[in-house]
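So the protein sequences, as listed, match chains A and B. Heads up, the final residue of the first sequence is numbered 158 in full-length UniProt numbering, and it's a clean run with no missing numbers. Heads up, the final residue of the second sequence is numbered 688 in full-length UniProt numbering, and it's a clean run with no missing numbers. Ideal Cβ positions, reconstructed from N, Cα and C, are used throughout, including at glycine. All remarks here apply to the structure that follows.
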Amino acid sequence: MTSQEKQLKVILFEMNGETYGVPVEQVLSIEKVDGITRLPNAASFVKGVMNLRSIITPIIDVRERFQMGHSKITPESRIIVVEQDEMSVGLLVDSSKEVLDIDADQLEQTPEMIGGSSAEYLSAVAKIGEDQLLLLLNLKQVLNQNDVAALRAIGDEA
Amino acid sequence: MDMSQYLGIFLDEAREHLQNLNDQLMTLEEHSDDSELLNSIFRSAHTLKGSSGQMGFNNMMELTHTMENVFDALRNKKITASADMVDVLFEGLDHLAAMIDSIEQSGSDARDVAETKKQLEALTGKKDTSKSETVKSSNDGAMKQQNDPQAHFLKLEDYEKAYVKQALDQNLKVYEIQVTLNKDCVLKAARAYMIANALEEEGTILATRPATEAIEKEEFDQKLVYLAAVACDEQKLKHKIETISEVAALDVSSISEIEEQRAPQKQQTVATEKKRDQTSRTSAAAVKKPVAVAKTLRVNLDRIDQLMNLFEELMIDRGRLERVASDNHHSDLSDTVEKIKRVTNQMQETLLNLRMEPIEQVFNRFPRLVRSLSKELNKKVNFVVKGGDTELDRTVIEELGDPLMHMIRNSMDHGIELPAVREAKGKNPEGTLTLAAYYNGNQVIVEIKDDGAGINREKVLDKAIEKNVVTEEEARTMTENQIDHLLFASGFSTADKISDISGRGVGLDVVESKIQSLNGTVEVVSAPDQGTTFTVKLPMTLSIINALLIQTGEEVYAVPITSITETALKRQVKTFTIHDQTVMDYRESVIPLVSLADYFAVPDRKTDKREGSENRGAVVILSHGDKKVALTADQLLGYQDVVVKPLGKYLEKVPGFSGTTILGDGRAALIIDCQRLIETNKTIKERA
Numbered sequence: 001m002t003s004q005e006k007q008l009k010v011i012l013f014e015m016n017g018e019t020y021g022v023p024v025e026q027v028l029s030i031e032k033v034d035g036i037t038r039l040p041n042a043a044s045f046v047k048g049v050m051n052l053r054s055i056i057t058p059i060i061d062v063r064e065r066f067q068m069g070h071s072k073i074t075p076e077s078r079i080i081v082v083e084q085d086e087m088s089v090g091l092l093v094d095s096s097k098e099v100l101d102i103d104a105d106q107l108e109q110t111p112e113m114i115g116g117s118s119a120e121y122l123s124a125v126a127k128i129g130e131d132q133l134l135l136l137l138n139l140k141q142v143l144n145q146n147d148v149a150a151l152r153a154i155g156d157e158a
Numbered sequence: 001m002d003m004s005q006y007l008g009i010f011l012d013e014a015r016e017h018l019q020n021l022n023d024q025l026m027t028l029e030e031h032s033d034d035s036e037l038l039n040s041i042f043r044s045a046h047t048l049k050g051s052s053g054q055m056g057f058n059n060m061m062e063l064t065h066t067m068e069n070v071f072d073a074l075r076n077k078k079i080t081a082s083a084d085m086v087d088v089l090f091e092g093l094d095h096l097a098a099m100i101d102s103i104e105q106s107g108s109d110a111r112d113v114a115e116t117k118k119q120l121e122a123l124t125g126k127k128d129t130s131k132s133e134t135v136k137s138s139n140d141g142a143m144k145q146q147n148d149p150q151a152h153f154l155k156l157e158d159y160e161k162a163y164v165k166q167a168l169d170q171n172l173k174v175y176e177i178q179v180t181l182n183k184d185c186v187l188k189a190a191r192a193y194m195i196a197n198a199l200e201e202e203g204t205i206l207a208t209r210p211a212t213e214a215i216e217k218e219e220f221d222q223k224l225v226y227l228a229a230v231a232c233d234e235q236k237l238k239h240k241i242e243t244i245s246e247v248a249a250l251d252v253s254s255i256s257e258i259e260e261q262r263a264p265q266k267q268q269t270v271a272t273e274k275k276r277d278q279t280s281r282t283s284a285a286a287v288k289k290p291v292a293v294a295k296t297l298r299v300n301l302d303r304i305d306q307l308m309n310l311f312e313e314l315m316i317d318r319g320r321l322e323r324v325a326s327d328n329h330h331s332d333l334s335d336t337v338e339k340i341k342r343v344t345n346q347m348q349e350t351l352l353n354l355r356m357e358p359i360e361q362v363f364n365r366f367p368r369l370v371r372s373l374s375k376e377l378n379k380k381v382n383f384v385v386k387g388g389d390t391e392l393d394r395t396v397i398e399e400l401g402d403p404l405m406h407m408i409r410n411s412m413d414h415g416i417e418l419p420a421v422r423e424a425k426g427k428n429p430e431g432t433l434t435l436a437a438y439y440n441g442n443q444v445i446v447e448i449k450d451d452g453a454g455i456n457r458e459k460v461l462d463k464a465i466e467k468n469v470v471t472e473e474e475a476r477t478m479t480e481n482q483i484d485h486l487l488f489a490s491g492f493s494t495a496d497k498i499s500d501i502s503g504r505g506v507g508l509d510v511v512e513s514k515i516q517s518l519n520g521t522v523e524v525v526s527a528p529d530q531g532t533t534f535t536v537k538l539p540m541t542l543s544i545i546n547a548l549l550i551q552t553g554e555e556v557y558a559v560p561i562t563s564i565t566e567t568a569l570k571r572q573v574k575t576f577t578i579h580d581q582t583v584m585d586y587r588e589s590v591i592p593l594v595s596l597a598d599y600f601a602v603p604d605r606k607t608d609k610r611e612g613s614e615n616r617g618a619v620v621i622l623s624h625g626d627k628k629v630a631l632t633a634d635q636l637l638g639y640q641d642v643v644v645k646p647l648g649k650y651l652e653k654v655p656g657f658s659g660t661t662i663l664g665d666g667r668a669a670l671i672i673d674c675q676r677l678i679e680t681n682k683t684i685k686e687r688a
């Protein structure tokens with residue numbers, strides 16, 4: 001199989017100085033951060049909800065989801081609205097970048113040690129350019145609802 | 001042959017027929033000699049048999065066939081209806097309903113119905129006579145023509161002419177479609193069914209030759225003739241039918257006028273017979289009536305929701321436009337905005353109406369329930385249903401069945417007395433149970449009223465104390481209304497013995513929580529020996545509620561008006577502290593005071609250091625059942641009709657909110673789940 005035959009289109013974004021990517025077919029839109037309504041009682045990484053063209057969309061802070069502190073909202077901040085299992089969820093990221101084609105043979109299994117606790121949220125890594133690494137998100141895991149419930153349950157106990 | 005694409009239609013129609021059969025069987029018991037009724041029952045059963053057979057659900061077909069034999073015998077006066085017979089027939093209908101459900105869920109109609117079938121067969125006193133005698137249709141003219149393969153529509157019945165005329169008047173095109181099936185076609189009836197479906201996708205079938213009943217029985221050679229009123233052109237129609245396999249020849253010709261016109265008179269008849277029309281609509285497909293049929297359309301609910309979403313967006317922009325107009329004092333602009341406002345208001349009403357359905361759909365299942373309960377309990381009950389045409393949001397209707405059932409059971413079991421007891425009290429031995437629905441402003445009221453013994457408050461209290469629902473101390477100070485309301489408390493049942501009807505541990509307590517989840521309320525009023533009335537108040541729609549917007553710090557929340565008892569300014573109320581819990585005086589009692597800021601941990605709240613600041617702000621008294629909580633906020637922004645949107649799948653487990661809404665400035669606001677707020681507060685208090 002030639003590399004031409006199996007290509008993956010990903011949207012790149014930046015977080016904590018690292019480059020992440022999500023498959024373009026799962027991305028519904030990219031939005032500026034405006035008018036997030038805080039949602040009390042939700043897990044801490046849930047920033048709140050936002051009205052996006054009459055659809056109430058949950059916004060999650062990916063950095064906080066990965067337990068890497070929380071994001072500061074700057075003019076560069078973006079919300080990448082993704083779709084997974086018929087849910088649309090907005091990912092708050094530091095900035096969004098270009099769309100990139102990656103050959104399937106560029107992808108590698110996620111090494112155990114990358115990113116520490118966040119490794120489980122990655123589906124693969126790929127080398128782009130000389131010394132840049134692209135971390136491909138495993139959206140299913142990132143948007144795992146059991147975690148939302150579990151974290152909240154802990155909060156309730158407290 | 002793949003029939004899966006017809007499954008949806010089949011299920012819908014099967015349910016419709018089943019409901020007809022249920023309704024008509026109820027009537028049959030009292031009017032066993034009504035031949036029109038018997039014919040109608042027979043036709044419904046017959047169509048059900050035909051369509052289930054075509055879809056390949058043989059169990060269902062066989063059972064319907066056995067039932068059909070009974071109806072046929074009834075119709076031909078070979079046997080007469082009795083209560084026992086009706087029981088067995090109902091049993092059969094229950095099996096059919098279960099089969100339909102199971103077809104929908106698993107695609108299979110497997111079910112053990114041998115016992116019922118045996119009983120049904122015993123009714124007619126003969127084993128399956130597979131080909132029951134030829135159906136004598138009431139409409140002989142059509143029958144005579146049916147076996148003439150050359151039949152043309154030159155000889156139309158008067159009523160058929162009226163339909164053609166009407167269709168032409170509505171600017172629909174009327175075509176005569178002659179279809180010849182392959183000689184070796186095996187499932188002729190199935191093909192005919194597919195052709196009919198194809199035609200109905202485009203319009204309405206006005207008539208067929210031979211008649212539908214004959215088609216279903218495959219009593220025709222290869223030739224079928226349809227007369228249909230459609231909106232599409234000849235080409236499309238032809239194409240649609242040609243794609244059905246085993247069609248050997250097709251001839252479509254347009255009919256543009258009808259020589260004789262006795263239409264107006266006929267039209268009226270059709271209109272007045274609209275109700276019966278529904279009953280026989282699908283069974284007597286040969287005489288599909290455009291008046292009733294052409295005006296309805298099945299639309300996927302998702303599409304309506306989508307339309308709603310778009311409309312809401314429009315509403316938000318309308319709000320912006322209104323602001324721009326009021327800032328700019330441009331008269332043309334203001335006029336136009338005003339006009340847009342009027343039109344969008346009407347649009348909103350129309351859109352909401354799309355989701356409305358008559359409450360009849362739930363009410364319909366209760367006559368049977370009451371019938372079987374009264375037999376079981378040996379009680380005589382006259383069941384009166386009123387206001388079935390009252391319309392409610394479809395979502396509400398779907399959820400309403402269970403709570404109503406529990407209340408009806410309760411009235412049957414605990415309310416209405418045994419005939420002998422009633423007589424001893426000087427009452428009519430036959431009790432009356434009324435189920436009524438009516439509009440009241442923006443609400444729909446559903447009442448379940450019996451003329452029975454009324455609530456035995458002493459017994460209720462004893463039981464409540466015994467079951468630790470209330471303490472003896474509390475019991476002494478309770479008002480009659482509060483005692484009555486104990487019926488809805490969880491884990492409460494006053495039945496002397498656990499009966500099969502109510503008192504199974506689940507019951508009225510489910511009712512209250514269910515009704516509240518629909519943003520409604522339920523109350524009970526009772527007078528000894530005069531009866532008990534359950535009153536359910538429901539919002540007409542769940543998609544739009546009236547809410548009070550309240551603000552604390554920068555955050556705005558919506559409180560459904562159904563939970564609000566009253567509002568006050570904070571400086572008007574007297575607050576004090578008991579065991580770390582702030583409370584306030586409210587009508588001679590003391591209720592807990594909850595700050596919105598604390599409850600939702602609102603951040604960055606500028607603390608007002610000025611004197612008397614703790615007296616600023618507003619208080620909203622919320623109630624749930626007889627429990628009340630006062631909620632404080634910085635300010636009340638006013639009442640508004642808001643569109644309710646769910647929090648969505650990802651956040652569905654986050655507690656505290658019954659939904660969200662979009663404010664005029666496009667931001668999302670959360671709708672407070674008042675029931676939870678009140679109950680959480682109770683637990684906090686108990687802990688303290």
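8 Å CB neighbourhood of N364 of chain B in its chain, flanking five on each side removed
When the five nearest sequence neighbours on each side are left out, the beta carbons in the same chain lying within less than 8 Å of the beta carbon of N364 of chain B are those of Q19, N22, D23, G388, in order along the chain.
Check the C-beta distance from L619 of chain B over to V573 of chain B and give it rounded, since I have them as a contact under 8 Å.
Note that residue 619 of chain B is Val in the sequence shown, not Leu. That pair is a contact at about 6 Å.
Can you tell me the Cα-Cα spacing of G648 of chain B and P539 of chain B, whole angstroms?
Going by C-alpha positions, G648 of chain B is about 22 Å away from P539 of chain B.
Express the C-alpha separation of V522 of chain B and T535 of chain B in angstroms, rounding to a whole number.
Per the coordinates, the alpha-carbon of T535 of chain B lies some 6 Å from the alpha-carbon of V522 of chain B.
Is there a C-beta anywhere in chain B that falls below 9 Å from the one on residue 161 of chain A?
A query on residue 161 of chain A cannot be resolved here, the shown segment of chain A reaching from 1 to 158 and no further.
Using only CA atoms, which one of B:R676, B:R342, B:Q361 lies nearest to L622 of chain B?
Nearest C-alpha to L622 of chain B among B:R676, B:R342, B:Q361: B:R676.
Over what stretch of residues does the beta strand (DSSP E) that includes S88 of chain A continue unbroken?
Taken as a continuous stretch (DSSP letters only), the beta strand (DSSP E) holding S88 of chain A covers 87-93.
Measure the C-alpha to C-alpha separation of R38 of chain A and S77 of chain A and round it to an integer number of angstroms.
When rounded, the distance between both Cα atoms is 17 Å.
Which one of B:G56, B:T80, B:A45 has the shortest CA to CA distance from E68 of chain B?
Nearest to E68 of chain B by C-alpha distance, out of B:G56, B:T80, B:A45, is B:A45.
Does DSSP put I591 of chain B in a helix, a strand or coil?
DSSP places I591 of chain B in strand when its eight states are reduced to three.
Candidates B:Y6, B:H330, B:I408, B:L548: closest to E201 of chain B by CA position
Taking the Cα of E201 of chain B as reference, the smallest distance to any Cα among B:Y6, B:H330, B:I408, B:L548 is reached at B:Y6.
Report buried or exposed for K375 of chain B, applying the criterion of at least 16 other Cβ atoms within 10 angstroms of its Cβ.
Flag for K375 of chain B reads exposed.
R63 of chain A: buried (16+ other C-beta within 10 angstroms of its C-beta) or exposed?
Classification of R63 of chain A: buried, given that the 10 Å Cβ count is 16 or more.
Hey, does E679 of chain B have any beta-carbon neighbour from chain A nearer than 9 Å?
No, because no Cβ of chain A sits closer than 9 Å to the Cβ of E679 of chain B.
Under a CB-based cut-off of 9 Å, is G664 of chain B close to chain A?
Chain A contact via Cβ: absent.
Reduced DSSP secondary structure (H/G/I, E/B, other) of T243 of chain B:
T243 of chain B carries a coil assignment under DSSP once its states are collapsed to helix, strand and coil.
Closest residue to N300 of chain B among B:I9, B:K183, B:T533, B:A420 (Cα-Cα distance):
The shortest C-alpha separation from N300 of chain B is found at B:I9.
Closest to D233 of chain B by CA distance: which of B:N428, B:A196, B:L172, B:V247 is it?
The shortest Cα separation from D233 of chain B among B:N428, B:A196, B:L172, B:V247 belongs to B:L172.
S95 of chain A classed as buried or exposed, judged by whether at least 16 other C-beta atoms fall within 10 angstroms
Its Cβ having fewer than 16 others within 10 Å, S95 of chain A is exposed.
Report the start-end ranges of each alpha helix (DSSP H) in the UniProt domain "CheW-like" (7-148) of chain A that is 4 residues or longer and not cut off at the edges.
If one requires a minimum length of 4 residues, the alpha helix (DSSP H) runs lying completely within the UniProt domain "CheW-like" (7-148) of chain A are 62-65, 139-142, in chain order.
Output the residue ranges of the alpha helix (DSSP H) runs that lie fully inside the UniProt domain "CheW-like" (544-683) of chain B and measure 4 residues or longer, sorted by chain position.
Taken in chain order, the complete alpha helix (DSSP H) segments of 4 residues or longer contained in the UniProt domain "CheW-like" (544-683) of chain B are 596-599.
At 7 Å on the CB atoms, spell out the chain A contacts of P655 of chain B, in chain order.
Per Cβ cutoff of 7 Å: N41.
Please report the distance separating the alpha-carbon of T533 of chain B from that of A568 of chain B.
Computed Cα separation, rounded: 33 Å.
Neighbourhood of L518 of chain B by C-beta distance below 7 Å, restricted to the same chain and skipping five residues each side:
Only V396, E399, L538, L542 meet the Cβ criterion.
Is D221 of chain B helix, strand or coil by DSSP?
The three-state secondary structure of D221 of chain B, taken from DSSP, is coil.
Could one say the Cβ of L435 of chain B lies closer than 9 Å to chain A's Cβ atoms, at least one of them?
Not an interface residue.
Beta-ladder partner(s) of F534 of chain B, from DSSP:
Partner(s): B:I448, B:V524.
Among B:L25, B:S106, B:N39, B:E160, nearest to S82 of chain B - alpha-carbon criterion
Closest option to S82 of chain B, Cα to Cα, is B:L25.
For residue 692 of chain B, is the classification buried or exposed, using 16 other Cβ atoms within 10 angstroms of its Cβ as the cut-off for buried?
For residue 692 of chain B there is no data in the structure shown, the boundaries of chain B being 1 and 688.
Counting only Cβ-Cβ distances shorter than 7 Å, please list the residues of the segment 384-398 of chain B near chain A, keeping chain order.
Along the segment 384-398 of chain B, none of the residues has a CB nearer than 7 Å to a CB of chain A.
Spatially closest choice to V230 of chain B from B:V252, B:L461, B:D221, B:L651, by CA coordinates
For V230 of chain B, the nearest C-alpha among the options comes from B:V252.
If I measure Cβ to Cβ from E472 of chain B and keep anything under 6 Å in the same chain, skipping five residues before and after, which residues do I get?
Only I465 meet the Cβ criterion.
List, in order along the chain, the chain B residues whose C-beta lies closer than 7 Å to that of V89 of chain A?
Chain B residues near V89 of chain A: Y650.
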